[in-house]
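The structure under discussion appears below in the form of structure tokens.
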Amino acid sequence: MKRVETTCGYCGCGCGIYVNVADDDTILGITPSYNHIVSKGKLCSKGWHGYAFVRDSRRLTSPLIRQEDGTFRKASWDEALERVAEGLRGAMMGEDNTDRIGVISSARCTNEENYLMAKLARAGLKTSSVDHCARL
Amino acid sequence: MEGNKLYTLKRENLDQVLNIWNKKSSVYVPVGQGKDINLMPLGEAERTEDYINLTLPVKEMIFEQKENLFKWKRNEQEIEVDSLAHQHRKDRILYGVRACDTYGVAYTDRFFLQEFPDPNYQSRRSQTTIIAVNCLEAGQHCFCTSVGTGVFSTIGHDLAFTPMGSYFLVEAGTDKGQALVSEAGTFFNETDDNILKKKNALKEKTEESFPLKMDLTNLWEDMSKTFNAAFWTDEANACIGCTGCTNVCPTCTCFNVVEENSDLNQGQRVRYWDSCQSDHFTRNAEHHNPRDSVSRVRYRIYDKLKYIEERFGFKGCSGCGRCTDVCPTYISIIDIIASTQKAAKENPEPPAIHQTTAIRHEIKDRELKSLKGLYTPDIATITRVKQETPEIKRIFMKYDDPDLHKNYEYKGQFFQVTVFGEGEVPLSIPFGPDQTDELVFDFKNVGSVTNVLYQMKEGDKVGLRGPYGRAFPYDILKGRNLIFIGSGVAMAPLRTVIEPVVKHPNDFNQVIILASALRYEKLIYKDEMKEWEKNKNLTVKYALKDPSDEVDAHVGYVNDLLPELDLDWSNTTALVCASPRRIKKVARDLMDLGMKPSDILVTLETHMRCGAGKCGHCKVGSHYMCVDGPVFNYEEMMALPPEY
Amino acid sequence: MDDISGAELILVIGSNTTEQHPLASTRIFEALEKGAELYVVDPRRIRLTDFAHAYAAIEPGTNLPMINAMIHVIIKDNLVDRDFIKKRTENYEEMKKSVENCTPEWAESISKVPADTIRQFAHKYATTDKAMILFTMGVTQQTTGVKSIRALANLAMITGHVGRPSTGINPLRGQNNVQGAGDMAALPDFLPGYQRPEWQQTKDRFTKIWGDFSCLRGRNIIEMFNLMDEGIMKAAYIVGENPILSDPDQNHTIHCLEKIPFLVVQDIFLTETAEYADVVLPAASFLEREGTYTNTDRRVQMIHKVIEPVGDSKPDWEIMIEIMKRVGMDVKYQCPSDIMDEINEATEIYGGITHERIHDVGIQWPCPDKEHPGTPILHVGEFKRGKGLFTVNDFEFIGDQRTDEYPYLLTTGRVTHQYHTGTMTRKVWTLAREYPHGFVEIHPKDAENLGIKNHQPVKITSARGSIVAPALITDRINEKTLFVPFHFSESPANRLTGQNLDPIINIPALKVSAVRIEVE
């Protein structure tokens, strides 16, 4: 059994939790962190229970590509990423693509990921249209 | 075990001893991982002795936060089921448990291992050895000395350690503990009774150091005078339903059963810790929720301070104080006890009947006919489906294993019917004790499980667990007048008694069936009732909202029919199945006519999930509806807190 | 957040704290224990009102008149902090003139909050030493959102409630890393660390790290969707967002997503938005990767990998790196801490925050270097811009108001047990059990007039569309006002909300939509 200390992924409070994991990798549940500077051992219902979606059978487990008939088919990472790059490159014209390419990042992503999104947008895709859901 | 042997163990040798034990078993010790004290496998992080208590009670190691119950797989037409009472890979030794938690284990042992023994708990518990380390210091919210469960462990441990400076006093509580001592025998030195004086002095000193001291002698009496006190509303307003208090409680045992499907053809049924502090813990498929926010918050406190002890003889609260530590809105059992004592003194209310009358519970170990253990269903095949009314279906089925029919005994009131991949639902048994070759259920499409069941056809497979529950008594009815009162699908549970009554008419005086519904089409057993009526001492009367050409029916409530019945009321038993609200109305009218409340038999079908008095969803006061009920007499029903 | 528990007065405006930020509400309860008073402004009698010493049941969308009237009262009754205004602010006279006519009676006529209640709020706030304001989307998601926040700043400054412990105006962040996403400039008008792309020194700094880059003021989400509608925007890459449920005017959003030629969606589930993608990339959840989140206190904290990514999914950062490589960028990161090293270099505020330093306890930015302990309170002694600037914030009605056709105002929000678009929480049994489906809150009087029974399905219609949801009759909502949570795809509140934006920063007025309601 192990307990992994991490930060709750729901609201902006940023509570401390340990996620308890059995030897067979089953997530058993949460242990609160009494000494966490924000939460002091207290959690809300999302903190206590919010992890349980993780192995839901509806999780996306492979890349999907839309086919001619409108349905999705499973694809390899290589193929999907190539399609993504192709599609994005196809929309790039001239020096700046601010009106042609939009990049929407997420408050669910880490700081590192948001930084990459800003960098990918401005330095890679040459678009300044990068935003996230702060307004919503 | 024979005579309590006493040993000493030098503190400096403890790690060596733990390492010896760790060869055969996995030893778990308190570590200050990150910032918090948790039990972790020896060697994964540095062991600590500097702690008040573990963050989660040790129950998490025996009744785990999530456990698999069984897995199922559809193979063309067949369904295979395997129970999953998971075993630990190695036996576990849990070192460093405090008295409040060992007491908790003593209680959970009592709770899980008797009546319907819980196979998961049983397998884990048999692989677990518990070593208490007694406290010499109290935390901010500790009050074990006030409830009488501490400060030193007296129960629930296999070995108890008391730190005494440079050495530990070691006492074996069980043979299992004694065996551990033998395993590392060279490090343990036997000692005599004189050391107990020193231990007691240490205990007294620690007890004196407790910041919290409460006098709980008259608590139950105080509680009986404050059931509706104003402070409950304040507590309820504050509660945000995080469920933290129950998650960290050493004596909380409720769980919910959830389907986790890999795909349409296979999945597992698992259980997670559940909490009576979730708003919808007690809500049924028809949105009826017997607990509002006040009764929800009050229920937890009553369960901890009264109901558990009333039923099981163990303190329901071991005084660990964790629920107070983790509450985000500062609800404190300690403050609530103080509020209760204050309100009882300053503003007592006359105790309600449910606060003063204790009703019986028959506690006995039950035998299960099922092949695979308590939580694993047996497979049955649907043989026939009949549309009973526009909203009610009748479904006939047989066990796939014919032996189950041979051994079938009618001694219960309901089955738990599994629709694989969707879930489980309790359905009443609407057939008599003589019928053993075929099982029949009548049900309405009201929730997600019944919705799928409603679409099922001949040849489809379902799972069955049961029968569960206390059934209507039969023998005590002999020689009496009987009135059956039921509405719509609520006639189904009554049919278990109607069937034998019809077969043995001479055993009874007058028998009257009062069937009610909105319209005649909505009644179940229309044809059967005409058949039953051929018995000359049996009459069927109808009460319908809309008049019907089919039968001569009273247009109005069933209650209107009662005064016209010419019965010797003192020799009459009524059997009523309806919503609690309707039951009360009918019972009041019957009592006005001269019936004794104990002659009115009712069935209270609350949110029953496991059927075995374990999951806690159907608990009302100190009673589990699925084990003690669902059949009660009206006197008993009134002695339950009004939360059904 | 510890700051909250030290306050003597907590003024909560448009924040259902116990539901949305339960652990921030913990601090409110701590403050109450110590004798603090709680004042609440909200169109709904939220749980906090049960503990409040005063409550203003305000009309949706009318915070600004009430705030301006509070300022008016404080000035008129001579409760201002002259010393603070003189030493630390500018433009006071201008602002003072602008609220001359904002009497409590005038504010009452718009906000329905009794003039005396406004006076009570103003007096209490001005005369309490440690008075702090908490707010969230209930203030910002209105056409006068920015003006309202500026007015709150005026309110705090005239009374000197700034830059000291347990004072100030404090937004609570709704989503786990909304602070960090802004800090890292997932924003059209900033570069990481709130550096303006038009500043030369910023340009130089980033050119050094990033090479050539687009340094315009870009399009925000709302504008991006309009560009899709106009056929100008050709490709979009959406990560971890579900605009079909979270953005206003769902029908418009769907139309835009259908129209855009190339759409990539990266998420953990096949969300309503992903259904419209050309390529869907499976991402790992927050339990399956490493990185940092920044909480509402600006505290940067670690998240750790608990289990391996489910199936063939990958952490977002890994996928992004792959895309960066494939569009020709030179990237050398091996792990998230390498990315953080670059963030240290690119920004002042995160300059000294490394994974190693925050392993045990998070650090609050600004933290310019590796020795800096972090900054618990902003604006101590001096405002970031030097002197605090008073602003003029005149109220005007923009956007939806009640009409004969749409006689109700709809406000939207969340419930405790669900989160944003429900992608995760609706798949957690215990949370889904608490709120299995959406609902619409309606006042008992309105329900009676319309013949609506509890739990009965009702139809709610705005100029944008209609939804059906069961009615929840409760006196916790004002008359002629409705509340619908936006988590539920079967009854999506955002099919009703509109494109009325705050003209300054384009936040949509999700909290105010004119609707009608009828029995289904």
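Protein chains in written order, with my numbering: chain D, 1 to 136; chain E, 1 to 644; chain W, 1 to 520. Where a beta carbon is used, it is the ideal one built from N, C-alpha and C, also for glycine. These numbers were taken from a predicted model, which means no experiment stands behind them.
Beta-bridge pairing by DSSP links E/P630 to E/R470. Taking a Cβ-Cβ threshold of 8 Å, the residues of chain D close to W/H304 are V4, E5, T6, in chain order. In the structure shown, E/M397 falls within a strand segment according to DSSP collapsed to helix, strand and coil. Sixteen is the threshold: when 16 or more other Cβ atoms of the shown chains lie within 10 Å of the Cβ of E/C242, as they do, the residue is buried. The contact set of D/P63 on chain W, defined by CB atoms closer than 8 Å, consists of V279, V280, L281, P282, D312 in chain order. For the pair W/W365 and W/R298, the CB atoms are nearer than the 8 Å cut-off.
In the displayed model, W/P22 falls within a helix according to three-state DSSP. Contact of W/L472 with chain E by beta-carbon distance below 8 Å is absent, the smallest such distance being about 12 Å. Bridge partners of W/Q195 according to DSSP: W/L191. The beta carbon of W/H372 sits no closer than 8 Å to any beta carbon of chain D.
Looking at the backbone, the Cα of E/E550 and that of E/A578 are separated by about 24 Å. One finds W429 in chain W with Cβ atoms closer than 8 Å to the Cβ of E/V258, taken in chain order. By the CB criterion at 8 Å, W/H255 and W/D278 fall outside the cutoff. The criterion of a C-beta distance shorter than 8 Å is satisfied by W/I473 and W/A447.
For W/A274, there is no enclosing alpha helix (DSSP H), as DSSP marks it with neither H nor E. Shown here for E/F161: same chain residues with a beta carbon closer than 6 Å to its own, the five before and five after excluded, namely V133, F168, V170 in chain order. For the C-beta of W/D316, the chain D residues within less than 7 Å are, from N- to C-terminus, C109, E113.
Membership of E/N200 in any beta strand (DSSP E) is not indicated; the residue belongs instead to the alpha helix (DSSP H) covering 194–208. By the Cβ rule, the stretch 155–165 of chain W does not count as touching the stretch 97–112 of chain W, because fewer than three pairs are nearer than 8 Å. Residue E/V489 holds the alpha-carbon nearest to the alpha-carbon of E/E521 among E/N509, E/E533, E/V489, E/R495.
A Cβ-Cβ separation of about 17 Å leaves E/A612 out of contact with E/V631 under the 8 Å criterion. C-alpha of W/N101 to C-alpha of W/D475: approximately 33 Å in a straight line. In this model, E/D507 and E/M591 are separated by some 25 Å (Cα to Cα). Spatial neighbours of E/A106 in its own chain (CB-CB distance under 8 Å, excluding positions within 5 residues in sequence) are listed in chain order as I155, G156, F314. Listed as beta-bridge partners of E/Y624 by DSSP are E/K619. In this structure, W/R173 and W/T17 do not form a Cβ contact; the two beta carbons are roughly 12 Å apart against a cut-off of 8 Å. Within chain D, no C-beta atom comes nearer than 7 Å to that of W/D369; the closest sits roughly 18 Å away. Excluding its 5 nearest sequence neighbours in each direction, E/I301 has C-beta neighbours in its own chain below 7 Å: I333, I336, listed in chain order. By the beta-carbon neighbour count (other beta carbons within 10 angstroms, threshold 16), E/I476 is exposed.
E/S516 carries a strand assignment under DSSP once its states are collapsed to helix, strand and coil.
When DSSP assignments are scanned along the stretch 215–260 of chain W, the uninterrupted stretches of beta strand (DSSP E) that are 3 or more residues long and fall wholly within it turn out to be 235–239.
Secondary structure at D/H49: helix, using DSSP grouped into helix, strand and coil.
The shortest C-alpha to C-alpha distance from W/I222 to any of D/N97, D/G124, D/I104, D/T110 is the one to D/I104.
Going by DSSP, E/G139 is part of no alpha helix (DSSP H) at all; its letter is neither H nor E. Assignment of beta-bridge partners to E/D442 by DSSP yields E/R394. Taken through DSSP and simplified to helix, strand or coil, W/A52 comes out as coil.
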